[in-house]
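So the structure is just underneath, and the comments pick up after that.
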Amino acid sequence: MAAIVEVENVIKEYPLGKLSVRALDGVSVTFGEGEFAAIAAPSGAGKTTLLNLIGCVDVPTSGVVRIDGQATTDLSDAQLTALRLHKLGFIFQSFNLIAVLDTYQNVEFPLLLLGGMTKKERDRRVREIVEQVGLEKQIRHRPNELSGGQRQRVAIARALVTQPRIVLADEPTANLDSATGENIIALMKEINRKARTTFIFSTHDPKVIAHAERVIRMADGKIVGEENRLAEGVA
Amino acid sequence: MERVRILLLMALRSLGGHKIKGLIVGSLLAFGTFLFVMGTTLLENIERAMEASITQSITGHVQLVSKDAVDRLAFFGPDASSEQDLGVLEDFPRIREVASRVPGVAAVVPMGRYYGQPILNTELDEAIEALEEAVAGGDAELIEDRIGKVRRMTKTLHEDFERLRLLVREDDPETEKALQVLDKATSDAFWEELRANPEAGLQFLSFEVAKLSDDQTMVYLPFIGTDLHRYAESFVHFEMVSGEMPPPGSRGILISQAAYDQNFKNRPARLLELIHEARTLDRRTIADDPRLQDMVERLKEMTAQVTMHLTPQATAELDADLRARFPEVEGDLDDRLAAFFAVDDANFDERYAYFQERIVPLIPLYRVPVGGTFTLRSMTKSGYPKAVNVKLWGTFRFKGLERSELASAYSLIDLASFRDLLGLMTAEKRRELDTIRSEIEVEEIDADDVEAFLFGAEPELEIGSVEEGLDLDARLEALDVAEGGTPETFDPAEIEKGTILNAAVVLDDPSSLSKTMVLLEEAFEREGLRVKAIPWTEVTGVVGQLVVVLRVVLYVLIGIIFIVALVIINNSMVMATMDRIGEIGTMRAIGAGRGFVLVLFLLETLVLGLFASALGALGATGILAALGSSGIHTHEPFFIFLFGGTALYPAIDVANVVWGFVVIVIISVISTLYPARLAARVPPIVAMQGKE
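Residue numbers (my numbering), protein chains in the order written: chain A, 13 to 247; chain B, 1303 to 1994.
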């Protein structure tokens, strides 16, 4: 399995007044293509920081993060933006839909940023993915007309519509009830299986962790354990 | 293209999502555009209208003065009422010839502006005169009637002086003397004596009493000395109201109808007319307007100005009429007339009509009738009083500017009388003076010095000998005698050879003003004529600068609106940015670049600006179009002058609309630059911080 995300010896420090807080303390981890991995840790252990670095919305203080072989430390803001646009999809804890756009438009948005696509092609892809997440009936609804689960489905569709190599999800079920959360995870897993998209999500919910093929456990900015359930046939 | 679509879409959606902000900023922008378009359009129309009214009535488009002029030529404002040293246009016939050859010049009219006082009888003068006539006629009843009037007037005058003594001067000898005279004139003994021996009494009245009365007859009459016929032909707004143009070569004056009404009209008749105009044209009412109430009060005290002109028969008839109207009023016709003059809103129209129909035919409506002659007094340039008898040939007005006080400020007088009033040289005098000069070999006597010399003001004049000086004096006096005081005619061919102070140039096409100015100056330069050309805007003094002032006020106002708009838009966009940090962060995380965010924010205001500005421009255009067909009507003299008539029909200039639109759109974009940059700097990491 080829490595798509490589994290090598990464330290991330945030200034806090005169001191600095070390959020990540020498983390090294690699994610292979098509993995469905969970980063499991209590709050404040550094899992969001790790996702931010992988998501190219932040760069490490030291160490290297490589996305598809490209080290993020060397890139400009514009290059990082392009990298996010082309290779990454984001699913946020609080969905982060654009309030003034409806389902269709929210999903279409990254395609428009991407450009180079006919309207027809774009329309086909938007409808396909919306259908896949089961929101055909809500395609013209604005986010405030959707339930939490529906919103997260829109977010998943938006993250996937550009066919990214990696989808990052930060606590994707934290704001959902457990049944809906299960559904969302199931949906993510189904897409993972069909499209071989790499999913990396952070969570501290044991039920969600149970779905992961690989679980990386963190504490105090360090990786403290790892389980690979695929080998055990859990999936 | 699709990016533009999504940007536009998102901009519209954002605007829809922030309605209050959009409404505030939008109405500000719409109002700014509205003000800009309305303001600039009205201003340009006023400017055009004013230009037309001034240039086609008084000044022409360009005024010519000597390059040696010390003061600025001004027809209106404070500069106009002070003495102006303008020098003299030397060799006017050639100046006219040169100027007339310049393309675009329609006419060159010689003129000069000055002012004088018509010497008019006071009411007391007239009453005394009427008494003299009655005494001469020997009609006892008429004499008694006239005696009553003069007595009443002397009594009023006596009261005035007593008030004056109490108020200002306790022991002023002149007031005391006046009171002594009036004590006598109001005593029964004096009138008994007058009945017995009218001559002495009338003399006392004429010489001692009459001069004490000063009932606002000090009239200030600004006039323009010009070639009347050329003036009438060249100024298209000019039109005769009554009388006739003086035949060529005749001396005389044409008074503007407004000045004639204001200064020469019988005062009760004038007051009634003013109240009538205020009620009909300005829709004011006596009940609400203190000025009209004051007029009515004054009117009630002016009965003598009607009754003293009436024959006994007319008096009896009118009295019978009014007795039927006011059976309860005791006393004589004056008392009943005072009751009649106590007008209010309910009875005004009926009484005004009655006055016009029954009373006006019985009295002289103007103190000097058209065709009559009066004496005009002025101070000559060298400071001596000069009086000239002028015939009032008629009255005129400028079409559309009838109620404009400024346009009708000037009366028109022939150049010969004008020169007399200013103490300037006529052609004959100039020639005669040249002859005398050559005889006595005086080199340096110019127009201004002659009088000073005659009256001995400048003794240092170099004169050959004392005898010869006396000789000059005698010769010039003889010249005046030869002219027979004030002659009635002059040689029209000589009109332009005398002194001319300035001249009006009327153009075919007003828009070629600056071009023609240059051509004129070049032509004068080439011909070696010491003449400078001044555009109408400069010679109208304060009035011409009014447009500039209005423009400045408008621009300052627009400027303030712009600054306020800038601050408010900037502020609300910064707030919007703060509100939308999460959304911006999400867009950035998903892959929107900084440029995208920047353009999105700019586009939002641009769309708002376009929309609001279009609305404002449309609103202004709509209102202007409505005003363009209905007209903005006014009866205020000042606005009549501004509008060049009683109504302004604004024409819409597309350039102003486009400008207003463009300027506001630019302003809106500029005011968003900072917040948009702020938004573009929002890092994508905020998207992960858990707030939607």
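From the three backbone atoms N, C-alpha and C, an ideal C-beta is built for every residue, glycine too.
- Of all residues in the segment 65-83 of chain A, only G67, C68, V69, D70 come within less than 9 Å of chain B when Cβ atoms are compared, listed by chain position.
- By DSSP's assignment, V17/A forms a beta bridge with F43/A, I79/A.
- In this structure, the CA atom of H1937/B is about 12 Å from the CA atom of L1950/B.
- Under the Cβ criterion of 9 Å, N108/A is counted among the residues facing chain B.
- Per DSSP, reduced to three states, the secondary structure at H1935/B is strand.
- Under the 10 Å beta carbon count, M1877/B is surrounded by fewer than 16 other beta carbons and is classified as exposed.
- Assignment of alpha helix (DSSP H) within the segment 1555-1606 of chain B, counting only whole runs of 4 or more residues, yields 1559-1566, 1569-1582, 1592-1602 in chain order.
- When A1571/B, D1634/B, A1644/B are compared, the shortest CA-CA separation from E1659/B is found for A1571/B.
- Taken through DSSP and simplified to helix, strand or coil, D182/A comes out as strand.
- A residue is called buried once 16 or more other Cβ atoms fall within 10 Å of its Cβ, and G233/A is buried on that count.
- Put simply, of D1623/B, Y1686/B, V1690/B, G1633/B the residue whose alpha carbon is nearest the alpha carbon of I1661/B is D1623/B.
- Contact check between the segment 1408-1427 of chain B and the segment 1839-1859 of chain B: fewer than three CB pairs, one atom from each, fall below 8 Å, which does not count as touching.
- Annotation: Cβ neighbours of A90/A in chain B (cutoff 9 Å, chain order): G1895, R1896, G1897.
- Taking C68/A as the centre and dropping the five residues before and after it, the same chain places the C-beta of T84, L92, L95, R96 closer than 6 Å to its C-beta, in chain order.
- The straight-line gap separating the alpha-carbon atoms of R78/A and E18/A is approximately 5 Å.
- Minimum Cα-Cα distance from Q144/A among the listed residues V173/A, L124/A, G160/A corresponds to V173/A.
- A Cβ-Cβ separation of about 20 Å leaves T1477/B out of contact with F1492/B under the 8 Å criterion.
- In the three-state DSSP reduction, A1655/B falls in the helix class (H, G or I).
- Interface with chain B (9 Å Cβ-Cβ cutoff): T42/A is excluded.
- Between the alpha carbons of I141/A and R177/A lies a gap of roughly 16 Å.
- The alpha-carbon of P72/A is positioned some 21 Å away from that of T1888/B.
- N204/A counts as buried, since no fewer than 16 other beta carbons sit within 10 angstroms of its beta carbon.
- In the three-state scheme derived from DSSP, where H, G and I count as helix and E and B as strand, Y1712/B is classed as coil.
- In summary, no residue of the segment 1354-1369 of chain B has a CB separated from any CB of chain A by less than 8 Å.
- In this structure Q1595/B is not in contact with Y1522/B, their Cβ atoms being roughly 27 Å apart against a cut-off of 8 Å.
- Excluding the 5 residues flanking it on each side, V1372/B has same chain C-beta neighbours closer than 6 Å at D1387, in chain order.
- The alpha-carbon of F1792/B is positioned some 6 Å away from that of S1552/B.
- Taking 9 Å as the Cβ-Cβ cut-off, the segment 193-213 of chain A has no residue approaching chain B.
- Under the three-state reduction of DSSP, L1912/B is assigned to helix.
- DSSP, read as helix, strand or coil, puts D189/A in coil.
- For I51/A, the enclosing beta strand (DSSP E) starts and ends at 48-52.
- When DSSP reads this structure, E1541/B sits in a beta bridge with R1699/B.
- Under the three-state reduction of DSSP output, F1525/B falls in the strand class.
- Chain order gives the chain B residues near R96/A as A1891, I1892, G1893, P1986, where near means a beta carbon separation below 8 Å.
- For Q1358/B, there is no enclosing beta strand (DSSP E), as DSSP gives it neither H nor E.
- Residue-level contact by beta carbon holds for G127/A and chain B, with a gap shorter than 9 Å.
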